[in-house]
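Residue numbers (the numbering used here), protein chains in the order written: chain A, 1 to 99; chain B, 1001 to 1311.
For glycine and all other residues, C-beta sits at the position ideal for the given N, C-alpha and C.
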Amino acid sequence: MSETPQPALTPLFEVFVRSRRGLDHIHVGSLHAHDPEQALAYARDTYLRRGEGASIWVVESQHITASQESDAASFYDPMDDKPYRHATYYTVPEDIDTL
Amino acid sequence: MQQSQSQPIDREQFEAKIQAEEKIEPKDWMPESYRKNLIRQMSQHAHSEIIGMQPEGNWLTRAPTLKRKCVLLAKIQDEAGHGLYLYSAAETLGITREEMIDALHAGQAKYASIFNYPASSWADIGAIGWLVDGAAIVNQISLQRTSYGPYARAMVRICKEESFHQRQGYEIMQTLAAGSKAQREMAQQALDRWWWPALMMFGPHDGESAHSAQSMLWKIKRRSNDELRQQFVDQTVAQAQSIELRIPDDDLQWNADTGHYDFGAIDWDEFNRVISGNGPCNRARLAHHVNAHHEGEWVREAMRAYAERQS
């Protein structure tokens, strides 16, 4: 093992872009930057070269807690057996189109 | 907030966005009264979702079948979720959840007056879903186009999820209306009890509504109280006819000239009585919320203690 200290990794940031006012910010990808301001500038240069957005959010990837896809079966299990949460579960008289 | 020097340009840009049907987003400059008006309306909307769980929760343990119980539970669970969407959206305006709850408990913030009525029979659960959620949906569909971005997006989510609420209520009424004489009467009585309060949900007539004019100018509100109420009446009449229930209004009549139903006068004395705190359940609803909040204090305390220990 070498004694040379590893250089600190440049933090990874996740980038979210609002394409138009009124819409949600949507995840578009990630990039490396030294600080949030730099990440914003990089995000602009990387993801918005053609005016794809009205607003950018950046957040350091390490601050994101994600659900595990491998646990999906049990994590979402309680949602799968409740068809009555959908409007189509209920029968409405044929002459009524306002429900 | 920006300094007053920059305000004329800020205000111009704000008005221009509103005119252009663009949304106002949390970090945009906005007049203080726009912010206050939204906080009032959105927190009232959020409180309504939460307080609205009470009349229905009252029937969870007495739902007639396991299926009905599951459906009702799922609906009430949605209402809690919708309250949370709205509190979160309101928090983007710089008010905290705690401040909103305090205002509710202090009687400074209101919630929809309809929830101060009791759900006295199982048929009332049908009437609430059909009429109360039905009226709320008419209002909320128009609010999907409200000018404040986070509010509009919360409305889109809520409308999508609520599509089953009105149908499950209507199906309860449909089932009772097609049942025995006693069940049919139960359904009719529930309609009698909830019809007029449901019409009052849209608020005072346009000329007498305290916040309407400014809210319409700022496109917080997109359609007037009376327009929304008329749409609700127009679509509900056919729904009642289809299951052969009678809407309790002798003046209800199709008007071929206007293309709408004419309907009788709303009892505004009752409306004012309930809104000013003297409906059948006002004190009980608020007391229940205050108690539940206080009884939950040990959970919040334990969470704070745990977080401190972790850090």
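Terminal residues of the continuous beta strand (DSSP E) containing residue i?
i: tryptophan 57 (chain A); result: 55-60
i: asparagine 1116 (chain B); result: First-last for asparagine 1116 (chain B): undefined, no H or E at that position.
i: valine 28 (chain A); result: 26-32
i: threonine 13 (chain A); result: Inspection of the sequence shows that residue 13 (chain A) is occupied by phenylalanine rather than by threonine. Here the beta strand (DSSP E) through phenylalanine 13 (chain A) covers 12-18.
i: tyrosine 1000 (chain B); result: Since the first residue shown for chain B is 1001 and the last is 1311, residue 1000 (chain B) is missing from the structure and cannot be characterised.
Rounding to the nearest angstrom, what Cα-Cα distance links residue i and residue j in this structure?
i: tyrosine 1261 (chain B); j: serine 1224 (chain B); result: 17 Å
i: methionine 1001 (chain B); j: serine 1120 (chain B); result: Because methionine 1001 (chain B) sits at a pLDDT of 47, beneath the cut-off of 50, its placement in the model cannot be relied upon, and the following sentence gives the value as read from the coordinates. Answer to the nearest angstrom: the Cα atoms are 49 Å apart.
i: serine 1180 (chain B); j: glutamine 1174 (chain B); result: 12 Å
i: methionine 1216 (chain B); j: glutamine 1230 (chain B); result: 18 Å
i: tyrosine 1117 (chain B); j: leucine 1066 (chain B); result: 26 Å
i: lysine 1075 (chain B); j: isoleucine 1172 (chain B); result: 14 Å
i: serine 19 (chain A); j: valine 59 (chain A); result: 18 Å
i: glutamine 1003 (chain B); j: asparagine 1272 (chain B); result: Below a pLDDT of 50, predicted positions are generally treated as unreliable, and glutamine 1003 (chain B), at 48, falls in that range; no measurement from the model is reported.
i: alanine 1302 (chain B); j: glutamate 1308 (chain B); result: 10 Å
i: glycine 1081 (chain B); j: alanine 1016 (chain B); result: 34 Å
i: alanine 1187 (chain B); j: serine 1163 (chain B); result: 22 Å
i: isoleucine 1039 (chain B); j: glutamine 1077 (chain B); result: 24 Å
i: isoleucine 1243 (chain B); j: aspartate 1250 (chain B); result: 19 Å
i: leucine 1060 (chain B); j: arginine 1157 (chain B); result: 25 Å
i: alanine 1190 (chain B); j: alanine 1112 (chain B); result: 19 Å
i: tyrosine 1034 (chain B); j: lysine 1160 (chain B); result: 27 Å
i: tyrosine 47 (chain A); j: leucine 31 (chain A); result: 10 Å
i: arginine 1145 (chain B); j: alanine 1020 (chain B); result: 13 Å
i: glutamine 1166 (chain B); j: arginine 85 (chain A); result: 12 Å
i: valine 28 (chain A); j: alanine 41 (chain A); result: 15 Å
i: isoleucine 978 (chain B); j: methionine 1155 (chain B); result: This structure does not reach residue 978 (chain B), given that chain B is present from 1001 up to 1311, and the question cannot be answered.
i: cysteine 1070 (chain B); j: arginine 49 (chain A); result: 50 Å
i: glutamine 1253 (chain B); j: aspartate 97 (chain A); result: 20 Å
i: glutamine 1183 (chain B); j: aspartate 1267 (chain B); result: 28 Å
i: phenylalanine 1263 (chain B); j: aspartate 1206 (chain B); result: 16 Å
i: asparagine 1139 (chain B); j: lysine 1221 (chain B); result: 9 Å
Could you spell out where the alpha helix (DSSP H) holding residue i opens and where it closes?
i: tyrosine 42 (chain A); result: 36-47
i: isoleucine 1051 (chain B); result: 1032-1051
i: glutamine 1361 (chain B); result: Outside the shown range of chain B (1001 to 1311) lies residue 1361 (chain B), about which nothing can therefore be said.
i: glycine 1126 (chain B); result: 1122-1127
i: phenylalanine 1164 (chain B); result: 1149-1177
i: histidine 1082 (chain B); result: 1066-1091
i: alanine 1198 (chain B); result: 1181-1200
i: asparagine 1272 (chain B); result: 1268-1273
i: valine 1299 (chain B); result: 1297-1310
i: histidine 1105 (chain B); result: 1097-1105
i: arginine 1229 (chain B); result: 1225-1242
i: proline 1008 (chain B); result: 1007-1019
i: isoleucine 1137 (chain B); result: 1133-1143
i: serine 1215 (chain B); result: 1212-1217
i: alanine 73 (chain A); result: 72-75
Exposed or buried, what is residue i when buried is set at 16 or more other beta-carbons lying within 10 Å of its beta-carbon?
i: valine 1290 (chain B); result: exposed
i: valine 1299 (chain B); result: exposed
i: glycine 102 (chain A); result: Look at the range of chain A in this structure, 1 to 99, and you will see that residue 102 (chain A) is not part of it.
i: serine 67 (chain A); result: exposed
i: tyrosine 90 (chain A); result: buried
i: glutamine 1168 (chain B); result: buried
i: serine 1011 (chain B); result: Looking at the sequence itself, residue 1011 (chain B) is arginine, so the reference to serine does not match. Burial call: exposed.
i: proline 1150 (chain B); result: buried
i: aspartate 24 (chain A); result: exposed
i: proline 1008 (chain B); result: exposed
i: alanine 1256 (chain B); result: exposed
i: glycine 1083 (chain B); result: buried
i: isoleucine 1024 (chain B); result: buried
i: glutamine 1239 (chain B); result: buried
i: isoleucine 1091 (chain B); result: Here residue 1091 (chain B) turns out to be glutamate, not isoleucine, going by the sequence shown. Glutamate 1091 (chain B) comes out buried.
i: tyrosine 1087 (chain B); result: buried
Given the structure, does residue i come close to the ligand FAD, in the sense that its CB is under 7 Å from one of the ligand's heavy atoms?
i: glutamine 1239 (chain B); result: The ligand FAD is absent from the structure shown, which contains no ligand whatsoever.
Taking only beta carbons into account, state which residues of the stretch 1152-1164 of chain B come closer than 7 Å to chain A, listed in chain order. Taking 7 Å as the upper bound on Cβ-Cβ separation, chain A lies near residues Ala1152, Arg1153, Ser1163, Phe1164 of the stretch 1152-1164 of chain B.
Can you find at least 3 beta carbon pairs, one from the stretch 1105-1122 of chain B and one from the stretch 1280-1294 of chain B, that sit closer than 8 Å? yes
Whether or not the stretch 72-81 of chain A and the stretch 49-58 of chain A are in contact is what I'm after, with contact meaning three or more pairs of Cβ atoms, one per stretch, closer than 8 Å; do they touch? No, they do not touch.
Any C-beta of chain B within less than 8 Å: which residues of the stretch 85-99 of chain A qualify? Arg85, His86, Ala87, Tyr89, Tyr90, Thr91, Val92, Pro93, Asp95, Ile96, Thr98, Leu99
Closer than 7 Å, Cβ to Cβ, to anything on chain B: give me those residues from the stretch 8-34 of chain A, in chain order. Arg21, Gly22, Asp24
Would you call the stretch 1048-1066 of chain B in contact with the stretch 1227-1247 of chain B, where contact means no fewer than 3 C-beta pairs closer than 8 Å? Judged by pairs of C-beta atoms under 8 Å, the stretch 1048-1066 of chain B does not touch the stretch 1227-1247 of chain B, as fewer than three such pairs exist.
Using a Cβ-Cβ cutoff of 7 Å, what residues of the stretch 1052-1071 of chain B are near chain A? List them in chain order. Cys1070, Val1071
Output needed in chain order: residues of the stretch 1010-1040 of chain B with a Cβ under 7 Å from some Cβ in chain A. Glu1022, Lys1023, Glu1025
Going along the stretch 1232-1246 of chain B in order, which residues come within less than 7 Å of chain A, judged by CB to CB distance? Residues Gln1235, Ala1238, Gln1239, Ser1242.
For the stretch 1296-1309 of chain B, which residues have a beta carbon sitting closer than 9 Å to at least one beta carbon of chain A? Residues passing the 9 Å Cβ filter: none.
Determine which residues of the stretch 1074-1089 of chain B have a Cβ less than 7 Å from any Cβ of chain A, and write them out in chain order. Ala1074
Taking Cβ-Cβ distances below 8 Å as the criterion, which residues of the stretch 1266-1281 of chain B are in contact with chain A? none
Touch test, the stretch 1199-1213 of chain B against the stretch 1134-1142 of chain B, Cβ-Cβ under 8 Å, three pairs minimum: yes
Along the stretch 1129-1149 of chain B, what residues have a CB closer than 7 Å to any CB found in chain A? Gly1149
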